[in-house]
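Asker: In terms of the numbering used here, the sequence shown is residues 174 to 266.
Here it is: the structure, laid out below.
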Amino acid sequence: MLILVAASELHFILTITAPAHCAILTFMHAAQQHTQDSRSAGLCADCLHSRRVESAHDSVFFLCQLSLTDPRFPKYPRLPVLSCDGYEKKPGR
């Protein structure tokens, strides 16, 4: 049985029948992933307008949703983004 747990925009999938240490490792991995995203993506990691996209080959991209309505913003900006006129911090981050 699987449970989806959301905490501060991070999502975790835990297996109820798994030993407790597995659930802790799952949580730690997700938190570590957010830290890695923050370092490699810069502002995109916690921008309200960005969406993290994983490819089938485990590559990670950040889609700028402002690019859908404003041509000034690239669809997939070159990372890390250190300054951006459209940056808005996600609530709770």
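In this text, a Cβ means the ideal position worked out from N, Cα and C, and glycines have one as well.
#1: Taking its Cβ as the centre, do 16 or more other Cβ atoms sit within 10 Å of P244, making it buried, or is it exposed?
#2: Counting only the same chain and skipping the five closest in sequence on each side, list residues whose C-beta sits under 8 Å from that of K262.
#3: How many Å lie between P250 and P264 at the Cα?
#4: In chain order, what residues of the same chain lie with their CB nearer than 6 Å to the CB of Y260, ignoring the 5 residues before and after it?
#5: Could you pull the start and end residues of the beta strand (DSSP E) that E227 belongs to?
#6: How many angstroms separate the CA atom of A204 from the CA atom of L252?
#7: Quick one: is S223 buried, meaning 16 or more other Cβ sit within 10 Å of its Cβ, or exposed?
#8: Please name the residue, chosen from V233, Q238, E227, that lies closest to K248 on a Cα-to-Cα basis.
#9: Suppose the cutoff is 7 Å on Cβ atoms and the five residues either side in sequence are ignored; what does the same chain contact list for C257 look like?
Answerer: With the structure as the only source:
#1: exposed
#2: D219, C220, L221
#3: 22 Å
#4: L216, C220
#5: 223 to 227
#6: Because A204 carries a pLDDT of 49, less than 50, the predicted location of this residue cannot be relied on, and the following value inherits that uncertainty. A204 and L252: Cα-Cα distance of roughly 20 Å.
#7: buried
#8: Q238
#9: L216
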